[in-house]
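Chemist: I'd like to ask you about the structure that follows.
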Amino acid sequence: MKVKEIGEYPLVARLCQQLERVFGIDKRVVVGLGDDASVLELKETKLVLTIDTQIEDVHFRRRWMPPFELGWKSVAISISDVVAMGGKPVAALLAIGLTGDETVSFVDKFYEGAIALCQSTKTLLLGGDTARSPNGLMVSSVVVGVLEGEPIKRSGVQVGDSIVVTGFVGEASAGFWLLEQGKGEIATSPPLHHCIERFRKPEPRVNAVQVFRSFQIHAAIDISDGLVIDAQRIAMASNVQILLDFTKLPLSQALLEAAKITGKDALSLALTGGEDYELLLSVPPSVVTEFCQAMETAGIPAHQIGKVIARHDEGQVLGRHSDGTISSLQGGFQHF
174 MKVKEIGEYP
184 LVARLCQQLE
194 RVFGIDKRVV
204 VGLGDDASVL
214 ELKETKLVLT
224 IDTQIEDVHF
234 RRRWMPPFEL
244 GWKSVAISIS
254 DVVAMGGKPV
264 AALLAIGLTG
274 DETVSFVDKF
284 YEGAIALCQS
294 TKTLLLGGDT
304 ARSPNGLMVS
314 SVVVGVLEGE
324 PIKRSGVQVG
334 DSIVVTGFVG
344 EASAGFWLLE
354 QGKGEIATSP
364 PLHHCIERFR
374 KPEPRVNAVQ
384 VFRSFQIHAA
394 IDISDGLVID
404 AQRIAMASNV
414 QILLDFTKLP
424 LSQALLEAAK
434 ITGKDALSLA
444 LTGGEDYELL
454 LSVPPSVVTE
464 FCQAMETAGI
474 PAHQIGKVIA
484 RHDEGQVLGR
494 HSDGTISSLQ
504 GGFQHF
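Quick note on numbering: the sequence shown equals residues 174 to 509 in our numbering.
Take a look at the structure:
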C-alpha cells in the first residue's frame with residue numbers, strides 16, 4: 174500500500190503507535206504523542222537545541238539510500254551537533270515530507286532506523302510531522318540536549334592549542350563516491366562496506382561528552398562539510414591561524430582502498446570530503462596526550478593533527494605537506 178492510499182491520519186496514527194511503544198513510558202514525558210506539542214519535565218539545566226534537514230538529490234539519492242539508513246542518519250547528524258557543544262542528547266522530533274508514492278513499508282523502515290539510532294544514544298523520539306513533498310523526500314530533525322557546565326563553542330580556540338580529530342575522516346566521503354558511481358553493489362569487501370556504512374549510518378560520538386567533563390576543551394565543531402572548511406569555521410570564530418600537519422592525519426586502509434576504486438585522492442577526501450560527523454577539537458597542549466588517551470578508553474579514536482600557531486583577524490587554515498611546504502587550505506561542501 175502506498176502512502177497516498179492510506180492517507181495522512183491513518184499514517185500518522187500508525188507512526189504514533191510505533192513511537193509510543195518505544196518511548197511512551199518514559200517518566201520525563203508529561204505530554205507525548207497526539208497533542209499539539211510534546212512536553213518534557215527536566216531538572217533545571219541548560220538546553221542545547223539544533224535542527225538539520227536532508228533533501229533528496231542534495232544530500233542523498235533514493236536509489237542508494239535505504240529508508241532504514243535514511244531514518245538513522247537524519248537523527249544522527251543532529252545528535253552530533255549537540256555532542257559538539259558538550260551536550261547530552263535527550264529528545265528528538267522528526268518531520269518527513271513524502272511524495273505519496275512511497276509504500277507504507279518504506280515509511281515504517283524509515284522510522285525503524287530513526288528509532289534504532291535513538292535507542293543506541295538514549296534519545297527519546299517524541300514525534301514530528303508528515304507532509305506532502307511532490308518534488309522528492311525531505312527530512313528535518315530537531316534534537317534537544319542538556320548541558321552540564323558551560324557550552325563548548327567554536328570561538329574558544331587559543332594560540333598554542335593542539336588540534337585533535339576523532340575517528341578517520343574521509344571514509345564517509347569515499348562511501349558516498351562508491352554509491353554515486355554505482356559501485357555499491359560490488360563493494361562487498363569489509364573495507365569498502367565499512368566506508369558505505371560510514372556514509373549511510375554515522376555514529377555520533379556521544380561517549381565523548383563524559384570525557385569532555387574531565388578536561389577543559391577550548392572549542393569544538395562536528396565535521397559535516399569537510400575537515401578544512403570546518404577547521405576554517407572555528408578559526409574564523411576565534412580569529413586564529415591553524416596549521417594542520419598532513420603527515421599526522423590518519424588515513425585508514427578502508428579509505429585508501431575506496432579511493433583507489435573510485436579514482437579519488439585519499440588525502441583530498443580526508444580534507445574536504447565531509448559527511449564524517451567526527452569531532453574537531455581545540456585542546457590545551459598540557460592535557461592533550463591525556464585527553465586522547467581518555468577518548469581511546471571511551472572507545473573513540475583521537476589523533477593530534479595540528480596546532481594553533483597565531484592570531485589572525487580573519488581566521489586561516491594552513492596545511493603542512495609531507496615535503497615540509499606550507500600552503501593555505503580551502504575546500505569543502507557549501508550549499509550556495
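Just so it is clear, CB atoms sit at the ideal spot from N, CA and C, and this is done for glycine as well.
1) Between the Cα of Phe385 and those of Ile402, Val337, Phe349 and Lys356, spot the shortest distance and give me the residue it belongs to.
2) Taking Val280 as the reference, give the member of Pro183, Leu416, Gln477 and Asp230 with the closest Cα.
3) Use the C-beta contact count for Phe509: other C-beta atoms within 10 angstroms, 16 or more gives buried, fewer gives exposed.
4) DSSP beta-bridge partners for Met311?
5) In chain order, what are the residue ranges of uninterrupted beta strand (DSSP E) at least 3 long that sit wholly in the region 465–503?
6) Report all residues from its chain with a CB closer than 6 Å to the CB of Gly343; omit the five preceding and five following residues, and keep chain order.
7) With DSSP as the reference, identify every bridge partner of Asp418, one or two as the case may be.
8) Taking the Cβ atom as the reference point for each residue, do Asp486 and Asn412 lie within a distance shorter than 7 Å?
9) With Asp403 as the anchor, note down where its alpha helix (DSSP H) starts and where it stops.
10) To the nearest angstrom, how far is the alpha carbon of Ile499 from that of Phe419?
11) Who are the near neighbours of Met409 in its chain, counting only those whose CB is closer than 8 Å to its CB and skipping five residues on each side?
12) Using CA coordinates, which residue listed in Gly260, Val202 and Phe233 is at the minimum distance from Ser223?
13) Bridge partners of Ala257, per DSSP?
14) Tell me which residue opens and which closes the alpha helix (DSSP H) that Gly348 is part of.
15) Nearest to Gln426 by CA position, among Met174, Pro363, Cys189 and Leu351, is which residue?
16) Please go through the same chain and pick out, in chain order, the residues whose beta-carbon is closer than 7 Å to the beta-carbon of Ala289, but skip the five residues on each side of it.
17) Within the same chain, show all residues whose beta-carbon is closer than 6 Å to that of Gln292, passing over the 5 residues directly before and after it, in chain order.
18) Along the chain, where does the alpha helix (DSSP H) that runs through Thr445 open and close?
19) Where does the unbroken beta strand (DSSP E) through Val337 begin, and where does it stop?
20) Near Val382, which residues of its chain fall below 8 Å by C-beta distance, leaving aside the five closest residues on each side in sequence?
21) Find the nearest neighbour of Thr339 within the set Gln503, Glu376 and Pro240, judged by alpha-carbon distance.
22) Counting only the same chain and skipping the five closest in sequence on each side, list residues whose C-beta sits under 8 Å from that of Val461.
23) Is Leu222 near the ligand HEM, judged by its Cβ being under 6 Å from some heavy atom?
24) So Ser278 is in the beta strand (DSSP E); what residue range does that whole segment cover?
25) Starting from the Cα of Ala404, find the closest Cα among Leu271, Val185 and Val330 and give me that residue.
26) Just how far apart, CA to CA, sit Gly273 and Lys175?
27) Since Ile369 is in the beta strand (DSSP E), which residue starts that stretch and which ends it?
28) Pull up the CB-CB distance for Ser394 and Arg378, whole angstroms please, since I reckon it's below 8 Å.
29) Assuming Val382 is part of the alpha helix (DSSP H), what are its boundary residues?
30) Based on Cα-Cα distance, which residue from Glu448, Ile415, Lys200 and Lys177 lies nearest to Ser346?
31) Taking DSSP's pairing of strands, which residues face Pro423 in a bridge?
32) Can you name the residues that DSSP bridges to Leu297?
33) Tell me which same chain residues have a C-beta within less than 7 Å of the C-beta of Gly436, skipping the five on either side of it?
Modeler: Let's see:
1) Position 212 of the sequence shown, counted from the first residue, corresponds to residue 385. Comparing Cα-Cα distances from Phe385 to each of Ile402, Val337, Phe349 and Lys356, the minimum goes to Val337.
2) In the sequence shown, residue 280 corresponds to position 107, counting from 1. Val280 has its Cα closest to that of Pro183, out of Pro183, Leu416, Gln477 and Asp230.
3) For the purposes of this step, residue 509 is identified with residue 336 of the sequence shown, where counting begins at 1. Confidence in Phe509 is poor, its pLDDT being 41 and thus under 50, which makes the residue's placement too unreliable to answer from.
4) Here residue 311 corresponds to residue number 138 of the sequence shown, with the count starting at 1. In the DSSP output, where bridge partners are listed per residue, Met311 has Ile228 and Gly270.
5) 475–484, 489–493 and 499–501
6) The residue labelled residue 343 in the question sits at position 170 within the sequence shown. Cβ neighbours of Gly343 beyond the five flanking positions: Leu428, Leu442, Ala443 and Gly446.
7) As a position in the sequence shown, residue 418 is number 245, starting the count at 1. Asp418 pairs with Arg493.
8) Within the sequence shown, residue 486 is the residue found at index 313, counting from 1. Within the sequence shown, residue 412 is the residue found at index 239, counting from 1. Cβ atoms of Asp486 and Asn412: closer than 7 Å.
9) Walking along the sequence shown from the start, residue 403 turns up at place 230. Counting along the chain, the alpha helix (DSSP H) containing Asp403 begins and ends at Leu400 to Ser411.
10) Numbered from 1 along the sequence shown, position 326 holds the residue referred to as residue 499. Numbered from 1 along the sequence shown, position 246 holds the residue referred to as residue 419. Rounded to the nearest angstrom, the two C-alpha atoms are 10 Å apart.
11) For the purposes of this step, residue 409 is taken as the residue at position 236 of the sequence shown. Result list for Met409: Glu487 and Gly488, in chain order.
12) Sequence index remark: in the sequence shown, residue 223 carries index 50 (1-based). The displayed chain sequence assigns Thr, not Ser, to residue 223. It is Gly260 whose Cα lies nearest to the Cα of Thr223.
13) As a working note, residue 257 is residue 84 in the sequence shown. Paired residues: none, contrary to the question.
14) The residue given as residue 348 occupies position 175 in the sequence shown. Looking at the DSSP string, the run of the alpha helix (DSSP H) that includes Gly348 is Glu344 to Glu353.
15) Position 253 of the sequence shown, counted from the first residue, corresponds to residue 426. Among Met174, Pro363, Cys189 and Leu351, the Cα nearest to that of Gln426 belongs to Pro363.
16) Taking the sequence shown and counting its residues from 1, one reaches residue 289 at position 116. Correct list, in chain order: Trp245.
17) Within the sequence shown, the letter at position 119 stands for residue 292. For Gln292, where only same-chain residues beyond five positions count, there are no Cβ hits under 6 Å.
18) Residue 445 sits at position 272 when you count from the first residue of the sequence shown. Segment Ala439 to Thr445, the alpha helix (DSSP H) holding Thr445.
19) If you number the sequence shown from 1, residue 337 lands on position 164. Here the beta strand (DSSP E) through Val337 covers Ser335 to Thr339.
20) Counting from one through the sequence shown, the residue named residue 382 turns up at place 209. Around Val382: Val256, Gly259, Gly260 and Lys261.
21) Within the sequence shown, residue 339 is the residue found at index 166, counting from 1. Of Gln503, Glu376 and Pro240, the residue nearest in Cα terms is Glu376.
22) Your numbering for residue 461 matches position 288 in the sequence shown. Result list for Val461: Ser335, Val337 and Gln477, in chain order.
23) Although the ligand HEM was asked about, the structure shown includes no ligands whatsoever.
24) Residue mapping note: residue 278 aligns to position 105 of the sequence shown, counting from 1. Not the beta strand (DSSP E): Ser278 falls in the alpha helix (DSSP H), residues Val277 to Ser293.
25) In the sequence shown, the residue the question calls residue 404 occupies position 231. For the residues Leu271, Val185 and Val330, the minimum Cα distance to Ala404 belongs to Val330.
26) Taking the sequence shown and counting its residues from 1, the one referred to as residue 273 is at position 100. Taking the sequence shown and counting its residues from 1, the one referred to as residue 175 is at position 2. Going by the C-alpha atoms only, they are around 7 Å apart.
27) The residue labelled residue 369 in the question sits at position 196 within the sequence shown. It is not in any beta strand (DSSP E) - Ile369 instead sits in the alpha helix (DSSP H) that spans Pro363 to Arg373.
28) To locate residue 394, count along the sequence shown from 1; it is residue 221. To locate residue 378, count along the sequence shown from 1; it is residue 205. According to the sequence displayed, residue 394 carries Ile and not Ser. Not really, about 12 Å apart at Cβ, beyond 8 Å.
29) Here residue 382 refers to the residue found at position 209 when the sequence shown is read from its first residue. Where Val382 is concerned, the enclosing alpha helix (DSSP H) stretches over Ala381 to Phe385.
30) The residue labelled residue 346 in the question sits at position 173 within the sequence shown. The candidate whose alpha carbon is nearest that of Ser346 is Glu448.
31) Residue mapping note: residue 423 aligns to position 250 of the sequence shown, counting from 1. Paired residue(s): none; Pro423 is not in a bridge.
32) Here residue 297 refers to the residue found at position 124 when the sequence shown is read from its first residue. Partner(s): Ala264.
33) By 1-based counting over the sequence shown, the position of residue 436 is 263. Within the same chain, Gly436 has no close Cβ partners at all.
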